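In what follows, a structure is listed as structure tokens, so that the remarks can point back to it.
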Amino acid sequence: MTQNKQYDHEYKVQAIKLAREIGSAKAAAELGVPKNTMYGWMRAVREGRLDIGKGAHMPQDALTLNEELINLRTRVKQQEKEIKRLKAENEFLEEASAFFAASRRKSPKN
Numbered sequence: 057m058t059q060n061k062q063y064d065h066e067y068k069v070q071a072i073k074l075a076r077e078i079g080s081a082k083a084a085a086e087l088g089v090p091k092n093t094m095y096g097w098m099r100a101v102r103e104g105r106l107d108i109g110k111g112a113h114m115p116q117d118a119l120t121l122n123e124e125l126i127n128l129r130t131r132v133k134q135q136e137k138e139i140k141r142l143k144a145e146n147e148f149l150e151e152a153s154a155f156f157a158a159s160r161r162k163s164p165k166n
């Protein structure tokens with residue numbers, strides 16, 4: 057029966073720094089961490105899911121200008137879609153507010 061060991065954040069950070077110096081497989085063997093676990097941490101860092109602090113990113117991990125432009129365009133499209141939805145929601149709420157205000161004025165006071 058295998059047991060999943062939990063590693064704290066600082067341990068992962070130090071393991072990744074070592075892996076960048078001597079290689080993932082060698083660092084995993086030295087630390088007694090499964091290779092797949094080490095590779096998973098490295099992938100998480102590349103994808104931005106695991107923060108290892110300032111100055112820890114390597115130039116080869118940086119996005120190309122084209123990749124960054126694609127990411128920014130995607131974010132802009134998402135934000136424009138959200139703005140459109142919120143404007144429609146605001147219009148609906150304004151109309152509903154006006155409707156209820158008008159019906160309140162028409163109702164007889166007791």
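Residues in the sequence shown are numbered consecutively from 57, following my numbering. Ideal Cβ placement from N, Cα and C applies to all residues, glycine included. All values derive from a computational prediction rather than experimental measurement.
CA-to-CA distance, residue j to residue i, given in whole angstroms
{"i": "residue 61", "j": "residue 88", "result": "11 Å"}
{"i": "residue 83", "j": "residue 101", "result": "16 Å"}
{"i": "residue 138", "j": "residue 108", "result": "31 Å"}
{"i": "residue 57", "j": "residue 103", "result": "Note that residue 57 has pLDDT 42, beneath the 50 cutoff, so the model's placement of it is unreliable and no number is given."}
{"i": "residue 155", "j": "residue 133", "result": "33 Å"}
{"i": "residue 146", "j": "residue 152", "result": "10 Å"}
{"i": "residue 140", "j": "residue 148", "result": "12 Å"}
{"i": "residue 160", "j": "residue 150", "result": "15 Å"}
{"i": "residue 143", "j": "residue 136", "result": "10 Å"}
{"i": "residue 96", "j": "residue 80", "result": "10 Å"}
Distance CB(residue i)-CB(residue j) smaller than 8 Å
{"i": "residue 98", "j": "residue 78", "result": "no"}
{"i": "residue 106", "j": "residue 68", "result": "yes"}
The alpha helix (DSSP H) enclosing residue i, as first and last residue numbers
{"i": "residue 95", "result": "91-102"}
{"i": "residue 62", "result": "Premise fails: residue 62 is in no alpha helix (DSSP H) and is neither H nor E."}
{"i": "residue 160", "result": "121-162"}
{"i": "residue 87", "result": "80-87"}
query = Using 8 Å as the threshold, is the region 88-99 in touch with the region 118-131, meaning 3 or more CB pairs across them?
reply = When C-beta atoms of the region 88-99 are compared with those of the region 118-131, fewer than three pairs fall below 8 Å, so the two segments do not count as touching.
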